[in-house]
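Report on one structure; see the data block that follows.
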Amino acid sequence: MARGRHVGSSETKLLQHLLEACGRCEEVPEAYVDIHTGLSGSGVAFVCAFSEALAEGAV
101 MARGRHVGSS ETKLLQHLLE ACGRCEEVPE AYVDIHTGLS GSGVAFVCAF
151 SEALAEGAV
């Protein structure tokens, strides 16, 4: 998660507690959020393209 300059430590702790119910949660600089979104979003597309290439090669 990335917090803005107007977010206090109590709000940060609450959000971290809520997010950790789903898995690991770390505070990072906001610039890292865009990088992570690109990597995690394109990972699914890569698996689909790879699976399609395997299927086409088997035909």
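Sequential numbering of the sequence shown, starting at 101, is according to our numbering. Each residue gets a CB set at the ideal place from its N, CA and C atoms; glycine is no exception. Here the structure is a predicted model, which is why all the values come from computation and not from measurement.
Limits of the unbroken alpha helix (DSSP H) element including residue i
| i | result |
| --- | --- |
| C81 | The structure shown has nothing for residue 81, since the chain only spans 101 to 159. |
| E152 | E130 to A158 |
CB-CB length for residue i against residue j, believed under 8 angstroms
| i | j | result |
| --- | --- | --- |
| V144 | A102 | Rounded, the Cβ-Cβ distance is 22 angstroms, inconsistent with contact. |
Residue j beta carbon less than 8 angstroms from that of residue i
| i | j | result |
| --- | --- | --- |
| C125 | Q116 | yes |
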